[in-house]
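Number of protein chains: 2
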Amino acid sequence: MQIGALSKRSGVSIHTIRFYERSGLIKGRRKAPGERNNYLDYDEETVERLLLIRDAKSIGFTIGEIGRLIDVWFNDQITTPEKLKVLDEKLLSIEARIKELKEMKKLIAGFKQSVLSEEC
Amino acid sequence: MQIGALSKRSGVSIHTIRFYERSGLIKGRRKAPGERNNYLDYDEETVERLLLIRDAKSIGFTIGEIGRLIDVWFNDQITTPEKLKVLDEKLLSIEARIKELKEMKKLIAGFKQSVLSEEC
DNA sequence: TGAAAGTATAGACTATGCTCTACTGTTGTC
DNA sequence: GACAACAGTAGAGCATAGTCTATACTTTCA
Chain A
1 MQIGALSKRS GVSIHTIRFY ERSGLIKGRR KAPGERNNYL DYDEETVERL
51 LLIRDAKSIG FTIGEIGRLI DVWFNDQITT PEKLKVLDEK LLSIEARIKE
101 LKEMKKLIAG FKQSVLSEEC
Chain B
1 MQIGALSKRS GVSIHTIRFY ERSGLIKGRR KAPGERNNYL DYDEETVERL
51 LLIRDAKSIG FTIGEIGRLI DVWFNDQITT PEKLKVLDEK LLSIEARIKE
101 LKEMKKLIAG FKQSVLSEEC
């Protein structure tokens, strides 16, 4: 299928698909060299890839991380324990971020106190 | 004082100070017009401003937000309730972000489950 | 046949917060 | 007077994730 159909199938905009292609997350291929045009052709797998990318993004993976992972992940060149490890690492980084944000909350609480005490 | 001294006093790099100046967070002034050079001069208040900026950043305020707030805040042209309101709004946005991250954690947990069940 | 719609490429632009470079001018020290 | 150290401006570059524009070519359809 061509990019327009891919966009409709996946719900990802054409612009974004092109951006992903440039980033190495997906790959269309040219039809036979005899063809006059240089339109790219995408297969069903690419639709699934785009859905996987969407999921990975919602989990907090960056495009860079997805780019490094997607081929091994998609082609099952990564074992289950390795997959779990990647997910656990992301989990840890999210938890670290939550910790930072909670620290900020504390700082704000302290700041509020000082604002109030200035008042007196 | 000149920018080098300001940098040492505040612990903020010269580059960053210039960036803050361009962003409107601080303001040096030229000496008397008779002076030949166009070096900028900073007062004690600017040191304090830089420390305030550091605090505001650690609380999660962006440079843009700080730019919009710092003058009124620093010159006490903002009332205590207004200050508290600004802090509370930031608190809410941080809590919202924490919520998002917790959502991600749930998604990852689900993903881990599916990885494990694929295995079987 | 001619216009509309689709496709490709390259590159600019957005927001965020710096960071650094290039280049020029000034000041202080030996 | 020479040279280092410091000051200034303008602008590029990094990372992130797109988004959009300009330009050009191809395909489709009436």
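Here the protein sequences line up with chains A and B, keeping their order.
Letter by letter, the first sequence follows residues 1 to 120 of the numbering used here.
Letter by letter, the second sequence follows residues 1 to 120 of the numbering used here.
Note that the Cβ used here is the ideal one computed from N, Cα and C, for glycine as well.
According to DSSP, residues forming a beta bridge with residue i
i	result
B:Arg-30	B:Leu-40
Where residue i falls, given that 16 or more other Cβ within 10 Å makes a residue buried
i	result
A:Gly-4	exposed
A:Leu-91	buried
A:Ile-108	buried
B:Gly-11	exposed
B:Lys-57	exposed
A:Ser-7	buried
B:Ile-94	buried
B:Tyr-39	exposed
A:Ile-17	buried
B:Ile-66	buried
Beta-carbon proximity check, residue i vs residue j, cutoff 9 Å
i	j	result
B:Lys-31	B:Asp-43	no
B:Leu-87	B:Ile-59	yes
A:Arg-54	B:Leu-101	no
A:Arg-49	A:Ile-70	yes
Backbone secondary structure at residue i - three-state DSSP
i	result
B:Ile-129	Any property of residue 129 of chain B remains undetermined from this structure, which presents chain B solely from 1 to 120.
A:Asp-88	helix
B:Leu-6	helix
B:Asp-76	coil
B:Leu-116	helix
A:Glu-111	A small correction: the amino acid at residue 111 of chain A is Phe; Glu does not occupy that position in the sequence shown. Here A:Phe-111 sits in helix by DSSP.
B:Ser-23	coil
- Message: Please list, in chain order, the residues of the region 39-63 of chain A that have any C-beta partner in chain B closer than 8 Å.
- Response: Listed in sequence order: Asp-55, Ser-58, Ile-59, Gly-60.
- Near-chain B residues of the region 7-27 of chain A - C-beta to any C-beta below 7 Å: Cβ contacts with chain B: none found.
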